[in-house]
Amino acid sequence: MSIRSDHAYRREYRGKVKGLVLDWSGTTADAYVIAPAVVFVQVFKNQGVEISMPEARGPMGLRKDLHIKALTEEPEIRDRWQGVHGSYPDQADVDRMFADFVPLQLNCLRDYTTLLPHVAEVTQSLQKQGIKIGSSTGFVRSMVDILEADAKKQGYVPDASVAGDEVINGARPKPFMVYRNLDLMNVHPIQSVV
């Protein structure tokens with residue numbers, strides 16, 4: 244016996260765009276996503292393990308502590324770590340590197356806050372049309388505060404922002420940072436957001 248139905252119900256949104264959620268590094272500022280990558284390289288170097296810029300960029304988009312953990316799980320990096328330390332990296336190593344990462348990132352972040360061309364003008368134009376601008380990032384809130392302060396001086400002021408450490412059930416690639424932005428911007432339905 245089958246309970247399969249020939250009928251389906253689907254709502255469709257046909258209205259205007261009400262919101263836009265943008266990333267920071269590589270989307271609105273820091274065109275080549277240098278800020279986090281140089282610090283990941285330095286953090287591993289501080290542990291005696293060399294990683295390349297392409298390796299450092301591999302898991303980009305994750306919250307930064309999860310990014311470090313993902314790097315330690317890359318077979319080539321894990322093997323280099325074992326060659327230096329005699330064992331594979333564990334969670335204590337990840338925690339130690341993240342504790343090293345935060346002040347290094349805070350110290351250099353302002354060097355990489357220049358907006359990409361036309362970001363301020365385009366987002367201001369969208370806001371004048373009633374479209375809300377949200378932001379999400381793998382950076383933690385203390386880092387986002389620096390990004391937002393420098394972006395404001397350049398004319399970019401999102402209506403809402405969510406940092407990687409402000410969602411309970413994990414940052415990207417899960418959708419919860421977008422959902423939180425929608426809540427903060429009071430924008431719905433989700434189909435109205437890009």
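Quick note, the sequence shown lines up with residues 244 to 437 if you use the numbering used here.
Even glycine gets a Cβ: it sits at the ideal position worked out from N, Cα and C.
Unbroken alpha helix (DSSP H) runs of no fewer than 4 residues, entirely contained in the stretch 325–397, are found at 334–351, 362–371, 384–396, following chain order. According to DSSP, residue 282 shares a beta bridge with no other residue. According to the DSSP assignment, residue 426 belongs to no beta strand (DSSP E) but to the alpha helix (DSSP H) extending over 419–428. By a beta-carbon distance limit of 8 Å, residue 304 contacts residue 416. Their separation comes to about 7 Å.
Excluding residues up to 5 positions away in sequence, 282, 285, 286 lie with their Cβ nearer than 7 Å to the Cβ of residue 347 in the same chain. Residues of the same chain with a CB within less than 8 Å of the CB of residue 337, apart from the 5 flanking positions on each side, are 308, 311, 312, 315 in chain order.
Across the structure, residue 404 and residue 393 are spaced so that their CA atoms are roughly 14 Å apart.
Annotated three-state conformation of residue 266 is strand, per DSSP. In the three-state reduction of the DSSP assignment, residue 299 falls in the helix class, which pools H, G and I. Taking the C-beta atoms as reference points, residue 383 is found nearer than 8 Å to residue 407.
Counting along the chain, residue 274 sits inside no beta strand (DSSP E), nor does DSSP assign it H or E at all.
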